[in-house]
Amino acid sequence: MSTTTIDPTIAMPPFPASWAMPPGPKLPPLLQVAQIARDPLGTAVRMHRRYGEPFTMRVPGFSPSLVFSSPELVKQVVTGKPNVFHAGLANRPLKAVLGRWSLLTLDRGPHLQQRKLLLPPFHGERLQAYGDLIRELAEREAASWPVGTPFRVAERMQALTLEVILDVVFGITDESRKDDLRRLLPPLVDSSRHVVFWGSIANRNLGPFRLRETFETRRDAVDALLYAEIADRRRVPSGELAARSDILSMLIEATHEDGTPMGDGELRDELMTLVMAGHETTATALTWAMDLLLRNPAVLGRMRANPDDEYVRATCQEILRIRPVVPFVGRVVTEPVRIGATEVPAGAGLIASIGLTHHREDVFPQPQVFRPERFVGESDVPSYGWLPFGGGVRRCIGASFAQFELETILRVLAQSPVRLAVRRPEPVRATGVTLVPGRGVKLVREMA
1 MSTTTIDPTI AMPPFPASWA MPPGPKLPPL LQVAQIARDP LGTAVRMHRR YGEPFTMRVP
61 GFSPSLVFSS PELVKQVVTG KPNVFHAGLA NRPLKAVLGR WSLLTLDRGP HLQQRKLLLP
121 PFHGERLQAY GDLIRELAER EAASWPVGTP FRVAERMQAL TLEVILDVVF GITDESRKDD
181 LRRLLPPLVD SSRHVVFWGS IANRNLGPFR LRETFETRRD AVDALLYAEI ADRRRVPSGE
241 LAARSDILSM LIEATHEDGT PMGDGELRDE LMTLVMAGHE TTATALTWAM DLLLRNPAVL
301 GRMRANPDDE YVRATCQEIL RIRPVVPFVG RVVTEPVRIG ATEVPAGAGL IASIGLTHHR
361 EDVFPQPQVF RPERFVGESD VPSYGWLPFG GGVRRCIGAS FAQFELETIL RVLAQSPVRL
421 AVRRPEPVRA TGVTLVPGRG VKLVREMA
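Position 447 of the sequence shown, counted from 1, bears residue number 447 in full-length UniProt numbering, the numbering being contiguous throughout.
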């Protein structure tokens, strides 16, 4: 099956070397990346205090980028005209992982076309249909935790959200193929993090470390399974396919405006996008959730006593505020623009720093305090002060599904008789484009 003939490529405009950039750290780009990896939130806060807004960041493989964090300027960045403010160009390091047809790597018309095709599976009514399955998977996972033996909850959440992907997104019924994907997808996710985070550096062989080669081998193995599943699904009779609720089946039935179906390459790229954007991110959010709840017993007690209360949603919002899984979104401008008082030339990068916005004292007083009450009732959180899923026309298409999944699973896990195995603070680390718990959050399950 051939893909659509639209060429999704947009040329990267040259960066003006003579532009007088706003101040920023003078460290070489590689050292800036290492500093961010070690302490992403703390580094962002310190840079903001020292250089003001915006400040300039330089990282390997990117144009110099201006970092914004005040809600009013973040709004200008994420809601800028999509034919000028290009998220696909900013996300170009993701193309090796997600492919050229990924919703995250496209701009302009091709992006809008793919977004229309992907919207129906994330409709509110569809979400409710997935609820029982997600709840059942969460209960099964919690029941499997060992008693009295420390375990890393990050690994268990990765396994749980992968099961959601295999059932809800892929709809795979072949147990052998499921087992293969359970085995092959986690290593691919790990390799993808390195390739994205280190950019062009990952292309070099550094002694025994062959990041790009390892990644491509793992990607090709997963691709073979995905293309086999796509081929099998295309052979399912139309009536039977329409009766299925998984996202892959719906996408196979979807058509472009000219009536043509999605090609195999398009389907593969959107499936990988949903894996990377909906599997690792939700697993990370759940891991942070368990860490934060067990360090705040009053919040956990209230959740346990009223699992259907709006407080659960507020708690999830506060989790995503204090530990945003994706700490920034980017744009590359193809024409000169003005953000606040700053004149920005074509070819420059713009970063809306979600992590920094969520930790500004003027947006969230006492930002280091975990307090779900911020989001209960009439919230005074300013527009674009809370944006864990980005904003504008590029807002994460799966945001509603992610929040629904997080709330559904957390209602189950909050009832588990567990405690932290390690009381010292869990370090925040940057890997790929996500902020993860440095030690994976060790828990111990106690006798009920």
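All C-beta atoms, glycine included, are put in the ideal place defined by N, C-alpha and C.
Asked                                                                                                         : Found
Between the CA atoms of R331 and Q76 - distance to the nearest angstrom                                       : 11 Å
Continuous beta strand (DSSP E) assignments of at least 3 residues falling wholly in the stretch 12–96        : 55–57, 65–68
Same chain, Cβ closer than 7 Å to G390, neighbours up to 5 away in sequence not counted                       : V78, V329, C396
Collapsed DSSP secondary structure at A421 in the structure displayed                                         : coil
Given E229 as reference, the closest of S192, V195, I252, R411 once Cα atoms are compared                     : I252
C-alpha gap between V344 and P16, whole angstroms                                                             : 10 Å
Distance between L181 and P237 (C-alpha atoms, nearest Å)                                                     : 25 Å
Limits of the unbroken beta strand (DSSP E) element including E240                                            : Here E240 belongs to no beta strand (DSSP E); instead the alpha helix (DSSP H) covers 238–242.
Sub-9 Å separation of S102 and T273 beta-carbons                                                              : yes
Nearest-angstrom Cβ-Cβ length linking L184 and V222, presumed shorter than 8 Å                                : 5 Å
Backbone CA spacing between F122 and M262 [nearest angstrom]                                                  : 18 Å
Nearest-angstrom Cα separation, counted from V97 out to R295                                                  : 36 Å
Contact the stretch 43–50 vs the stretch 355–364: 3+ CB pairs below 8 Å                                       : yes
Selection from G440, R313, R115 that minimises the alpha carbon distance to L88                               : Reading the sequence as shown, one finds Gly at residue 88 and not Leu. Of G440, R313, R115, the residue nearest in Cα terms is R115.
Contact under 9 Å by Cβ, P93 with L435                                                                        : no
Of the listed residues Y227, L406, L162, D258, nearest to L117 (C-alpha basis)                                : D258
One or two residues paired with F151 in a DSSP bridge                                                         : L443
Heavy atom of the ligand ATP within 8 Å of L30 beta-carbon                                                    : Within the structure as shown, the ligand ATP is missing, as the structure has no ligands at all.
9 Å Cβ cutoff met for W386 and F404                                                                           : no
Simplified DSSP assignment, three categories, for A142                                                        : helix
Strand pairing of V168, partner residues [DSSP]                                                               : For V168, which the question treats as bridged, DSSP gives no partner whatsoever.
Every unbroken beta strand (DSSP E) within the stretch 336–394, with a cutoff of 3 residues, ordered by chain : 337–339, 342–344, 349–353
Meets three-Cβ-pair contact criterion under 8 Å: the stretch 287–301 and the stretch 412–432                  : yes
Sequence ranges, alpha helix (DSSP H) only - wholly within the stretch 259–307, length at least 4             : 264–275, 281–294, 297–305
Other residues of its chain near A37: CB distance less than 6 Å, five sequence neighbours each side excluded  : A430
Reference T255, options Y130, P388, F370, L119, closest by Cα                                                 : L119
Simplified DSSP state of G131, which is helix, strand or coil                                                 : helix
Sub-9 Å separation of V164 and H279 beta-carbons                                                              : yes
Reduced DSSP secondary structure (H/G/I, E/B, other) of S2                                                    : With a pLDDT of 39 at S2, under the threshold of 50, the modelled position of this residue cannot be trusted; read the value that follows with caution. S2 falls in the coil class under three-state DSSP.
Residue burial classification, S233 (beta-carbon count within 10 angstroms, cutoff 16)                        : The displayed chain sequence assigns Arg, not Ser, to residue 233. Buried, because 16 or more other Cβ atoms sit within 10 Å of the Cβ of R233.
S70 classed as buried or exposed, judged by whether at least 16 other C-beta atoms fall within 10 angstroms   : buried
First through last residue of the beta strand (DSSP E) which encompasses F328                                 : 328–333
Proximity of E53 and V412 at Cβ, strictly below 9 Å                                                           : no
A402 - containing alpha helix (DSSP H), residue span                                                          : 399–413
R152 beta carbon less than 9 Å from that of V381                                                              : no
Residues sharing a beta bridge with R429, DSSP                                                                : V436
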